[in-house]
Amino acid sequence: MYDKEEIYDEKIAPLMKEVIKVCKEEGINFLAHFYLAEETEEENHLHCTTYIPGEKEHDKLKDALKLVRGKGYFTPHFTMTTVIKNET
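Taking the numbering used here, I'd label the letters of the sequence shown as residues 122 to 209.
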């Protein structure tokens, strides 16, 4: 079974925290999507998505976000999504 949630939590999440911080500080558009676990009889697919619009939103990133959220070619059963906006 494919299950990378623990690896994400231990190794990737701390790095993402830093990437998110820099992107927010510098107004950089950002989209990351991780497929963490496959569907089983007991659980659904697990995805983790982070989107930061940045200073100037980018249409292609917004379109990609729609796809990841299931408004496109595939629909994940369960997605964790984070949208972070600068509130200045």
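Glycine residues also receive a C-beta, built at the ideal position from the N, C-alpha and C atoms.
C-alpha gap between residue i and residue j, whole angstroms
| i | j | result |
| --- | --- | --- |
| Y172 | E131 | 20 Å |
| I141 | K177 | 16 Å |
| H179 | T170 | 17 Å |
| L182 | L152 | 7 Å |
| H166 | Y156 | 8 Å |
Residue range of the unbroken beta strand (DSSP E) whose run includes residue i
| i | result |
| --- | --- |
| I173 | 167–173 |
Counterpart residues of residue i in DSSP-defined beta bridges
| i | result |
| --- | --- |
| Y156 | H168 |
| D211 | Outside the displayed range of the chain (122 to 209) lies residue 211, so it cannot be described from this structure. |
Terminal residues of the alpha helix (DSSP H) in which residue i lies
| i | result |
| --- | --- |
| E176 | Careful: E176 lies outside any alpha helix (DSSP H) and carries neither H nor E. |
| K132 | Neither: K132 is in no alpha helix (DSSP H) and is coded neither H nor E. |
Beta-carbon proximity list for residue i, same chain, < 6 Å, skipping 5 on both sides
| i | result |
| --- | --- |
| G175 | G148, I149, N150 |
| Y123 | E159 |
| V189 | H154, T170 |
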